[in-house]
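Taking it in order: structure first as C-alpha cells, then the write-up.
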Amino acid sequence: MTARSWSPPPNLNTLIDSLSPHLYLAVPIVLILLRVAFSQAKRFLPLRSKHNMSYSVKWNRERLYFALPPPDAKLAVIRKELADYTQLPYDSFKLVHAGAVMKDDNAPISSYGIKADSTIAIIGTGDTLPASSKIPSSAQPKASSSPRTEETTISQIRTEMTKVRTKLQPDVDAFLASLPAKPLEEEHARLGELLLQSLLRLDALHSEGEWEMARKERKGAVKEAQHKHFNTILNNLKNFSVTPGNTSAPLEYSHLHLIDTFYAPDTSRDLREKIRMTRDEKTGTVLACMQKVRLGNLDVYSPKRAADWRISVNMEIPVPPPLGTVTLTRKKDRMSYSHEEFTVDLTQVTSTTSPNSKPEVLHELELEVTRPDYLLSTASKRGDPSVPENERNAFDEMIRAFVNNARILVRNAGEGWQ
Numbered sequence: 001m002t003a004r005s006w007s008p009p010p011n012l013n014t015l016i017d018s019l020s021p022h023l024y025l026a027v028p029i030v031l032i033l034l035r036v037a038f039s040q041a042k043r044f045l046p047l048r049s050k051h052n053m054s055y056s057v058k059w060n061r062e063r064l065y066f067a068l069p070p071p072d073a074k075l076a077v078i079r080k081e082l083a084d085y086t087q088l089p090y091d092s093f094k095l096v097h098a099g100a101v102m103k104d105d106n107a108p109i110s111s112y113g114i115k116a117d118s119t120i121a122i123i124g125t126g127d128t129l130p131a132s133s134k135i136p137s138s139a140q141p142k143a144s145s146s147p148r149t150e151e152t153t154i155s156q157i158r159t160e161m162t163k164v165r166t167k168l169q170p171d172v173d174a175f176l177a178s179l180p181a182k183p184l185e186e187e188h189a190r191l192g193e194l195l196l197q198s199l200l201r202l203d204a205l206h207s208e209g210e211w212e213m214a215r216k217e218r219k220g221a222v223k224e225a226q227h228k229h230f231n232t233i234l235n236n237l238k239n240f241s242v243t244p245g246n247t248s249a250p251l252e253y254s255h256l257h258l259i260d261t262f263y264a265p266d267t268s269r270d271l272r273e274k275i276r277m278t279r280d281e282k283t284g285t286v287l288a289c290m291q292k293v294r295l296g297n298l299d300v301y302s303p304k305r306a307a308d309w310r311i312s313v314n315m316e317i318p319v320p321p322p323l324g325t326v327t328l329t330r331k332k333d334r335m336s337y338s339h340e341e342f343t344v345d346l347t348q349v350t351s352t353t354s355p356n357s358k359p360e361v362l363h364e365l366e367l368e369v370t371r372p373d374y375l376l377s378t379a380s381k382r383g384d385p386s387v388p389e390n391e392r393n394a395f396d397e398m399i400r401a402f403v404n405n406a407r408i409l410v411r412n413a414g415e416g417w418q
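Start counting the sequence shown at 1; every next residue gets the next number (the UniProt record's numbering).
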C-alpha cells in the first residue's frame, strides 16, 4: 500500500493564498485583544489556583479580586496595587480589614490577619468615593489653602455629627422601631456601612497636642457614632433570637431611664468610693443605694480592632440612703440586653456637677455577669474532686464565655457583624 499526500482543491488553495498576508497580521492582534480582555476580567472574577490564593477588595459597589502576596509582604504592596488599579492617590484612602483600619504600611500583611479569601474595604478619608472605577484627577480632594486650626477641626467634627444626627439617625431609629419578623440584612448592612464611614472620617481628623477641646469633641463624636452602631447590631440580634426555629435562648430587652446621684462618704480612706443612689427617672422610686469599691482593673489592648477593652472587678456594698450634699448627678438612658448569665448595657450618660454646669455626655458599653453570687459559688467548687465534673468546671466555662463575649463585641466595634 502506498501513501498518498492530500492536496486541497484548487478553489481552497486560492482562498488560502488570498488570506495569508492578512492572517499574519490578524493572529497577533487577536492574541493581544484576548490578553487585554483576560487581564481586565480577572479583576472581577475570583482567581482560582489550586490553593485559591486570592483576596477580595470591596470598593463602593464593586468587588475586586487580587492575587495574595506572601505573608511577609508589607501592607504597602497591597496599597500600591490598589492605588494603581483605582487611580486613587496613594495616601487618599484607608484600608479596613475585620472592622479595623490598617494604619502601618510597613507592617507585614500577616500581622493584620490577611490570608486567602480575606476581604479588604477601601474607604475614602473624605466623602464617600464615587461608584465609578476610575476617578478623574479633577475629582480628587484639594488641599486646603489655609492652615488647619482647632476651631476648624471642631467645626468639621460638628458638621460630621450633624450629618449623622439629621440624615442617618432617623433611618436607624426607623429600622429599630419596626424590626420585621425577618431581619432586613441589606438595610442593616447599609446602616452599618454609613456608620463606619462616619467613624473613619472622624478618625481622620487628628488633633494637635494642645487642642484639648478638639480632642474632647472628637472623642465624644466617635463614641456617639459607635453607640448607634452597637444599638443597631444588638437590636438585630434580639430580633433574630426570637425567630421561629432558633434553638438558643432569646435575648431579654429592657429600656431604662435612671438617675444616679453621688454623695461623699462620711468616713472613707478613698474619696473615690462615693455613695451612689439610683432612682427610676419616671417614678422617682429608689432602686439601689450602694458604695462601689474598686478591687482591680485589667486593660486589654487590641491593636487590630477598632476598640480596646477593660475588665473591672468591683464590690458593691448596700448602704442606707445618705443625707449629705449631692456631688454629681448622672442621667442614664440605658438599653439592656440579657442572655443567660450575662448582660450587655448600652448607656448614654449625661453628667452634671452643679445646676449651672455644662452637661457632659458620654457613651458606655458594658458587659456584666448577671449573677455574681453564682459566679462566686462556682469559684468555690473549682477543681474540687468531691463535686461532679460539670460543677467543678463551671467557673472556667463562665470566664471563657465572658471573655469570648467581650472579644465578639470588640471585633464588631467596626464594620458589620462578625
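Just so you know, even glycine gets a beta-carbon here, dropped at the ideal spot from N, CA and C. Owing to the predicted nature of the structure, the values given are computational and were not obtained by experimental measurement.
How big is the Cα-Cα spacing for residue i and residue j?
i	j	result
LYS331	THR350	5 Å
MET398	LEU256	26 Å
PRO322	VAL96	50 Å
ALA67	ASN231	37 Å
THR166	HIS227	16 Å
ILE157	LYS163	10 Å
ALA100	VAL403	20 Å
PHE262	GLU281	15 Å
ILE233	ASN297	27 Å
TYR85	ALA307	31 Å
ALA225	ASP384	47 Å
ILE122	ILE311	33 Å
SER118	PRO303	18 Å
THR325	GLU368	30 Å
ALA174	ASN239	15 Å
PHE395	GLU151	52 Å
LYS103	THR153	21 Å
SER155	THR247	49 Å
TRP309	ASN405	12 Å
MET53	LEU64	14 Å
residue 422	PRO244	Residue 422 is absent from the structure shown; the chain starts at 1 and stops at 418.
ILE408	TYR301	14 Å
ARG79	ALA401	37 Å
When the Cα of residue i is compared with those of the options, which residue comes out closest?
i	options	result
LYS381	PRO89, ASN393, SER118	ASN393
ALA116	ILE122, GLU389, TYR55	TYR55
SER338	ASP84, SER241, GLU281	SER241
residue 423	THR370, LEU328, LEU409, ALA225	Since the first residue of the chain shown is 1 and the last is 418, residue 423 is not available in this structure.
THR353	MET102, ASN246, ASP260	ASP260
LEU258	SER155, ARG310, ALA288, LEU376	ALA288
LEU251	SER336, ARG276, LYS304, LYS274	SER336
ASP171	HIS229, TYR374, ILE114, GLU151	HIS229
PRO69	GLU62, LEU82, ARG276	LEU82
ASP333	SER92, LEU376, PHE395, ARG279	ARG279
SER254	ALA379, ASN235, PRO244	ASN235
GLU340	SER386, GLU360, PRO355, THR370	THR370
TYR374	GLU360, ARG305, GLU391	GLU391
LEU237	LYS58, ARG305, ALA98, ASN412	ASN412
PRO320	GLY284, MET277, PRO359	MET277
ILE120	LYS274, TYR90, ASN60	ASN60
TYR90	GLU360, ILE114, GLY124	GLY124
For residue i, list the residues DSSP reports as bridge partners.
i	result
PHE240	Looking at the DSSP assignment, PHE240 forms no beta bridge with any residue, so it has no partner.
LYS58	ARG63, ALA121
LYS94	ILE123
LYS332	LEU258, VAL349
SER248	In the DSSP output, where bridge partners are listed per residue, SER248 has none listed.
SER338	GLU252, THR343
LYS74	PRO108
GLU366	ASP345
ALA100	HIS97
TYR263	ILE275, VAL326
VAL361	THR350
Quick one: is the Cβ of residue i within less than 7 Å of any heavy atom of the ligand COA?
i	result
LEU375	Absence of the ligand COA from the depicted structure is noted, as is the absence of any ligand whatsoever, leaving it without description.
Segment contact, 8 Å Cβ cut-off, at least three pairs: the stretch 314–330 with the stretch 282–293: Yes: the two stretches touch, three or more of their Cβ pairs being nearer than 8 Å.
Inter-stretch contact at 8 Å, needing at least 3 Cβ pairs: the stretch 356–371 / the stretch 333–348: yes
Cβ pair count under 8 Å reaching 3, the stretch 58–77 against the stretch 105–125: yes
Within the stretch 274–323, ranges of the alpha helix (DSSP H) (whole runs, at least 4 residues): none
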